[in-house]
Amino acid sequence: SQQGEEDPQALSIQEGENATMNCSYKTSINNLQWYRQNSGRGLVHLILIRSNEREKHSGRLRVTLDTSKKSSSLLITASRAADTASYFCATDASGAGSYQLTFGKGTKLSVIP
Amino acid sequence: DARVTQTPRHKVTEMGQEVTMRCQPILGHNTVFWYRQTMMQGLELLAYFRNRAPLDDSGMPKDRFSAEMPDATLATLKIQPSEPRDSAVYFCASGLRGGVGNIQYFGAGTRLSVL
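Residue numbers (the working numbering), protein chains in the order written: chain A, 1 to 113; chain B, 1 to 115.
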């Protein structure tokens with residue numbers, strides 16, 4: 001079953017604008033991760049935020065986590081055409097000895113040059 | 001440049017045929033995952049292994065799917081007999097449990113079409 005649910009399902013913006021994607025989940029987590037998938041390719045890990053962190057930055061990416069609301073957001077600043085991809089959140093709710101991530105269905109981002 | 005390698009990249013077959021997909025995980029990784037991705041269902045976990053032992057294959061239709069790891073450098077996913085509803089992209093991912101978080105590294109996938 002899906003743990004993370006991304007919102008919106010699709011987003012279209014102009015190059016240079018910021019893109020914000022949201023993720024909601026249902027259970028307690030150890031960490032939450034964001035992945036990118038370019039068309040026809042595998043998923044690529046972007047950033048991980050632990051349950052005791054509230055915000056994390058990596059280059060043009062900013063991730064926030066609100067464990068009280070069980071939600072996270074991914075902000076891509078100054079978007080580029082190359083950012084066009086699907087973005088997935090994945091939750092690590094694994095206990096000791098478990099290894100699973102649960103992925104949402106993704107947000108499809110289109111950046112128009 | 002360490003990466004997960006999947007073969008074949010594309011496979012077209014007829015219903016009832018056997019399909020074998022292969023995955024070479026990143027050297028040193030101790031967990032291997034098989035996923036299936038479709039437009040309708042998104043990314044579904046089929047099975048995963050730790051240190052070559054199957055830990056969970058509850059996401060896999062047991063009657064026709066099987067997953068094995070004959071050695072640390074090879075994981076296989078087999079469908080026999082294949083059906084049109086098996087058409088999807090199958091991904092292998094590997095990771096290092098005990099590393100930073102539980103990050104997974106994905107291969108480029110095998111796009112399977114069953115006619």
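Backbone N, C-alpha and C fix where the C-beta goes; we use that ideal spot for every residue, glycine too.
Is the separation between the beta-carbon of residue i and that of residue j shorter than 8 Å?
i	j	result
A:I29	A:A85	no
B:L74	B:M21	no
A:M21	A:E5	no
B:M60	B:L46	yes
A:G65	B:N102	Residue identity check: residue 65 of chain A is Leu in the sequence provided, not Gly. It is not a contact, given that the beta carbons lie outside the stated cut-off.
A:I76	A:R60	yes
B:V12	B:S94	no
A:R50	A:N31	yes
B:R97	A:Y99	yes
B:G107	B:Q41	no
B:Q24	B:S82	no
A:K56	A:Y25	no
B:M69	B:F91	no
So, does the CB of residue i fall closer than 8 Å to a CB anywhere in chain B?
i	result
A:Y87	no
A:L74	no
A:Q2	In this prediction, A:Q2 scores a pLDDT of 48, lower than 50, which makes its location untrustworthy; the coordinate-derived value is nonetheless stated afterwards. A:Q2 counts as touching chain B.
A:D7	no
A:H45	yes
When burial is assigned at 16 or more other CB atoms within 10 Å of the CB, is residue i buried or exposed?
i	result
B:K122	What is shown of chain B runs 1 to 115, which leaves residue 122 of chain B out entirely.
A:S68	exposed
B:T31	buried
B:A80	A quick correction: the sequence has Gln, not Ala, at residue 80 of chain B. B:Q80 should be labelled exposed.
B:D71	exposed
A:L43	buried
A:S39	exposed
A:S1	Residue confidence is low: A:S1 scores 43 on pLDDT, short of 50, so the model does not pin down where it sits. Its coordinate-derived value is still stated next. Counting Cβ neighbours within 10 Å, A:S1 comes out exposed, since fewer than 16 surround it.
Whose Cβ in chain B lies nearer than 7 Å to the Cβ of residue i?
i	result
A:G42	F91, F106, G107, A108 and G109
A:A92	The sequence given here has Asp at residue 92 of chain A, not Ala. Ordered by position in chain B, the residues that pass the 7 Å Cβ test against A:D92 are G101 and N102.
Nearest CA to the CA of residue i: which residue from the options?
i	options	result
A:C23	A:L46, A:Q9 and A:L61	A:Q9
A:N18	A:A78, A:G104 and A:K105	A:A78
B:F33	B:R111, B:D57, B:H10 and B:E14	B:D57
A:R80	A:K105, A:R54, A:S110 and A:H45	A:S110
A:N58	A:L74, A:L43, A:S51 and A:K70	Residue 58 of chain A is actually Ser in this sequence, not Asn. Cα-wise, what sits closest to A:S58 is A:L74.
B:T110	B:T38, B:L27 and B:R52	B:T38
B:V4	A:K108, A:R41, A:S72 and A:D83	A:R41
A:C89	A:E53, A:F103 and A:S12	A:F103
B:V19	B:I26, B:R9, B:L27 and B:G28	B:R9
Can you confirm whether residue i, when its beta carbon is compared against all beta carbons of chain A, has any partner nearer than 8 Å?
i	result
B:N51	no
B:G16	no
B:P8	no
B:R97	yes
B:A2	no
B:L46	no
B:L55	yes
Can you pull the chain B neighbours of residue i, defined as C-beta to C-beta under 9 Å?
i	result
A:G106	G42 and L43
Applying a beta-carbon distance threshold of less than 8 Å, which residues of chain B neighbour residue i?
i	result
A:N31	G101 and N102
Starting from residue i, find everything on chain E with Cβ-Cβ shorter than 8 Å and list it in chain order.
i	result
B:T31	Included in the structure are the protein chains A and B, with no chain E among them.
Measuring only from the beta carbon, is residue i closer than 7 Å to any heavy atom that is part of the ligand MG?
i	result
B:M69	This structure simply doesn't include the ligand MG, nor any ligand for that matter.
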